[in-house]
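Protein chains in written order, with the numbering used here: chain A, 1 to 195; chain B, 1001 to 1195.
Right, one structure below, let's go through it.
There are 2 protein chains.
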Amino acid sequence: MKTKLIEHMRQLVALSGEDAQTVSDAFKEKQLQKKEFLLKKGDPSHHMRFITAGCLKVFSLDNDGNERILQFGIDGWWVNDLYGYLTEQPSVYFIQAITDSTVLQIHRDTLNALYDEIPALDRFWRIKIQNAYIALQERTINMMSESAEERYSRFITQYRTMEQSIPQYMIASYLGVTPEHLSVIRKKISSSELS
Amino acid sequence: MKTKLIEHMRQLVALSGEDAQTVSDAFKEKQLQKKEFLLKKGDPSHHMRFITAGCLKVFSLDNDGNERILQFGIDGWWVNDLYGYLTEQPSVYFIQAITDSTVLQIHRDTLNALYDEIPALDRFWRIKIQNAYIALQERTINMMSESAEERYSRFITQYRTMEQSIPQYMIASYLGVTPEHLSVIRKKISSSELS
DNA sequence: CGAAAATTTGACATGACTCAACTGGAGTGG
DNA sequence: CCACTCCAGTTGAGTCATGTCAAATTTTCG
Chain A
1 MKTKLIEHMR
11 QLVALSGEDA
21 QTVSDAFKEK
31 QLQKKEFLLK
41 KGDPSHHMRF
51 ITAGCLKVFS
61 LDNDGNERIL
71 QFGIDGWWVN
81 DLYGYLTEQP
91 SVYFIQAITD
101 STVLQIHRDT
111 LNALYDEIPA
121 LDRFWRIKIQ
131 NAYIALQERT
141 INMMSESAEE
151 RYSRFITQYR
161 TMEQSIPQYM
171 IASYLGVTPE
181 HLSVIRKKIS
191 SSELS
Chain B
1001 MKTKLIEHMR
1011 QLVALSGEDA
1021 QTVSDAFKEK
1031 QLQKKEFLLK
1041 KGDPSHHMRF
1051 ITAGCLKVFS
1061 LDNDGNERIL
1071 QFGIDGWWVN
1081 DLYGYLTEQP
1091 SVYFIQAITD
1101 STVLQIHRDT
1111 LNALYDEIPA
1121 LDRFWRIKIQ
1131 NAYIALQERT
1141 INMMSESAEE
1151 RYSRFITQYR
1161 TMEQSIPQYM
1171 IASYLGVTPE
1181 HLSVIRKKIS
1191 SSELS
């Protein structure tokens, strides 16, 4: 359903019924099975992507081949390798479905053509990128100054809607700790909650 | 001198001589002494700010009153609390001069008025914010998966132009380590360089 | 020069990682 | 339906990385 996307956009900008229809038509739905890749490192990243169902992760690989998860996404979120999309360079990140998922995609050329017709889109993206930047700044500063336990506590309160769909070892990767250590942290927290 | 600013903008977008003059006139110069605040938490953040000389830091305070440095800036960089600027909310960060500095400022109202007259400005900011976002993503992922020593090595190679103007304890804060530990890291690196 | 701030050093404590073993659940094939 | 395997999660021992605190040293600056 594309109504979710339109509602999402209307939280930030006004769209006439006609514009909403145009935007709806421009996005194509794509189904993904669990573990299926939406984008791999080196691929061109031609689309902006909005999640309507499921759960995905954006990650890179370090020198030892370990995943470093940059971001999760669930329905109502955008996922992309913005770098690849904006610069038209090969993607530096992987995007993979954690569970069966559905995304709506719009091609860069289609979107660019729409900017003239629907100026609200321009404004929408500017606000989106600004908000993403602000959130990322806060994440960075927290990650650098908080202990692993504090980061985990923050994660579960902030993202408890995602938490259920995501295996623990991926949360560990997102938080920058080992799965073993995260397990210890969880034990510690649950025992202190009893008192 | 405002030529620096115009040159900086022309690296990304085309500006006619007339436009360049208009932009130049719109920016006001502000001198800062060492340790002087350009912005404090809670202040409104009405300006976009371009550094033409000196060195500044953007930081917040944690619960114990310790600085958590988010960003440094030297000439040719922009510094701001984007959140405060864009949302017109009180600033959440402090901006303070590390050395005597000069910045060029433009007020939000002036800038907004210019967008119609000079569309290139719109494009300039979009690219700027995108680049900042991409760089911040990479910083976040590195900070979370690298050791303190790796982060420091990356810092000095990436920002060796700033390094001289910035006291070590501030670099420690930026890297998320204690000043004592950074001192140990430096000793270790310098001794291994000899061999 | 003298005081204050920044940096270094060292002893010790704690946080986080590594590695290996174990547990328990979710398929899967017989 | 059972036995088997695989994978995520847990546990524990040992180690390394980093933090804390206090003191010594060096640098900066009035």
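The beta carbon of each residue, even a glycine, is placed where N, CA and C say it ideally should be.
Small disclaimer: the values here were computed from a predicted structure and weren't measured.
Comparing alpha-carbon positions, the option among A1014/B, A1053/B, K1030/B lying closest to K1004/B turns out to be A1053/B. The CB of R68/A comes closer than 8 Å to the CB of I1141, M1144, S1145 in chain B, given here in chain order.
Checking the DSSP bridge columns, you'll see V79/A partnered with R49/A. Here K1041/B is not near S1101/B, since their CB atoms are 9 Å or more apart. The beta carbon of K1002/B is closer than 7 Å to those of S1024, F1027, L1104 in its chain, skipping five residues each way along the sequence.
With a 10 Å radius around the Cβ and a threshold of 16 neighbouring Cβ atoms, Q1168/B comes out exposed. At a C-beta separation below 9 Å, D25/A has no neighbours in chain B, since its nearest C-beta there lies roughly 25 Å away.
Counting along the chain, K57/A sits inside the beta strand (DSSP E) bounded by residues 55-61. Restricting attention to E1117/B, L1175/B, Q1071/B, Q1137/B, the CA atom closest to the CA of S1153/B is found in L1175/B.
Cα atoms of C55/A and E163/A: separation of roughly 10 Å, rounded to the nearest angstrom. Within 7 Å of the CB of L111/A, no CB atom of chain B is found; the nearest one sits about 13 Å away. Partner residues in the beta bridge of Q105/A, as assigned by DSSP, are K28/A, R49/A. Q1168/B: member of the alpha helix (DSSP H) spanning 1168-1175, first to last residue. Of all residues in the segment 124-139 of chain A, the ones placed with a Cβ closer than 7 Å to any Cβ belonging to chain B are R126, I129, Q130, A132, Y133, I134, L136, Q137, R139, in chain order.
The alpha carbon of Y1083/B has as its nearest neighbour, out of T1099/B, F1124/B, I1129/B, the alpha carbon of I1129/B. Per DSSP, L15/A is not a residue of any beta strand (DSSP E), being assigned neither H nor E. Of all residues in the segment 68-99 of chain A, only R68, L70, L82, Y83, L86 come within less than 7 Å of chain B when Cβ atoms are compared, listed by chain position. The Cβ atoms of F50/A and W78/A sit closer than 9 Å to each other.
Bridge pairing for I1095/B: L1039/B, V1058/B [DSSP].
Looking only at F155/A, S147/A, H47/A, the smallest Cα-Cα distance to I106/A is reached by H47/A. Inclusion of L39/A and Y93/A in the CB contact set at 9 Å is warranted, their separation being smaller than that value. Neighbours of S101/A in chain B, taken as residues at a C-beta separation under 8 Å, are lacking, since the least C-beta distance is about 22 Å.
Chain-order list of chain A residues neighbouring G1065/B: empty, with the shortest C-beta distance near 12 Å, by a criterion of under 7 Å.
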